[in-house]
Amino acid sequence: INTVVGNVPHQRTFSIHAEHIAPRSRFFEDATPGSTIHLPDDNPRIFALYVHYLYTGHLAVLDYPTPVSASSPPASRLYLIAHLYVLAEKLEDATAKRAFLDALVDETDKTQTAGGAHFPGNQVVNTVYDGTMSGSPARKLLVDLYTCNDECFISKTYEEEEWPVEFLRDLEVGMEALGREWVPRVEWQSPRGKVGVYLEEVEDAGSVEKELKKT
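Under the numbering used here, the letters of the sequence shown match residues 35 to 249, in that order.
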């Protein structure tokens, strides 16, 4: 399947074996070998990372150096993982969504427990909210991260930043559900213990991964 991603001059064409992508992506399930799919609104760099994961089962973005500062979100691994999740959402690849969301949890957990400053910022939140619908597991994860670790949020002048209105509403609901005001917490509250809450069920996910690793 020839997949044309992006627009000129940054457009790229990816040739993907139908047997690799059709069984796991509802977006591609009706595509036939030799057919052409156009994705003009997507980023070739993000799609290349997705294709790499599709064939290897490895998330290459995790090999990127960790940014020394959170001041450049576009360069951060969290930002790229968020874009990968949104792409998987569009392609309706539930297996990839599970992997990317799990990576988002690990990356956030790792940087926080190591004393890092790479909490999912407003660009990550905007990316997820722009590319998902209400009720999305990724949205729930972000809201839970902020309601349980809100010092990362209130320490910023959020009035000066652009946050999705839906996120702020979800955050308010989350805080009300906890029955407390916005009080900073000193210790990092990891979401790892309940990560299963955010992972969608996938039929035959194991067999899909095994087939990918054979290539």
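Positions of the beta carbon are idealized from the N, C-alpha and C atoms, including for glycine.
For clarity, every value in this text was computed on a predicted model and none was experimentally measured.
Beta strand (DSSP E) containing residue i: first to last residue?
i, result
"L73", "70-73"
What three-state label does DSSP hand residue i in the structure shown?
i, result
"V39", "strand"
"R46", "strand"
"D127", "strand"
"A109", "Because A109 carries a pLDDT of 45, less than 50, the predicted location of this residue cannot be relied on, and the following value inherits that uncertainty. Here A109 sits in helix by DSSP."
Select from the options the residue whose C-alpha is nearest the C-alpha of residue i.
i, options, result
"A130", "Q157, I55, A65, V177", "I55"
"G68", "R79, I80, V38", "V38"
"H306", "R79, A52, N36, F62", "Shown here, the chain extends from 35 to 249; a query on residue 306 therefore has no answer."
"T20", "Y87, N36, E210, T90", "Outside the shown range of the chain, which is 35 to 249, sits residue 20, and nothing can be said about it."
"I28", "R173, A94, L125, Y98", "Summary: the structure shown does not reach residue 28, with the chain confined to residues 35 through 249, and so no result is reported for it."
Residue i lies in the alpha helix (DSSP H); which residues open and close that run?
i, result
"T90", "78-90"
"H51", "Careful: H51 lies outside any alpha helix (DSSP H) and carries neither H nor E."
"A172", "171-182"
"T161", "156-165"
Assuming residue i contacts residue j under a Cβ cut-off of 8 Å, what Cβ separation, rounded to an integer in Å, is found between them?
i, j, result
"S59", "D127", "4 Å"
"L83", "T142", "L83 to T142, Cβ: 18 Å. No contact."
"V177", "A116", "Not a contact, Cβ separation roughly 14 Å."
"L175", "V139", "7 Å"
"L135", "P171", "6 Å"
Decide if residue i is buried, meaning its Cβ has at least 16 other Cβ atoms within 10 Å, or exposed.
i, result
"Y113", "buried"
"E123", "buried"
"G169", "exposed"
"P74", "exposed"
"K248", "Reliability of the predicted coordinates at K248 is poor, the pLDDT of 40 falling under 50, and no value is obtained from them."
"V120", "buried"
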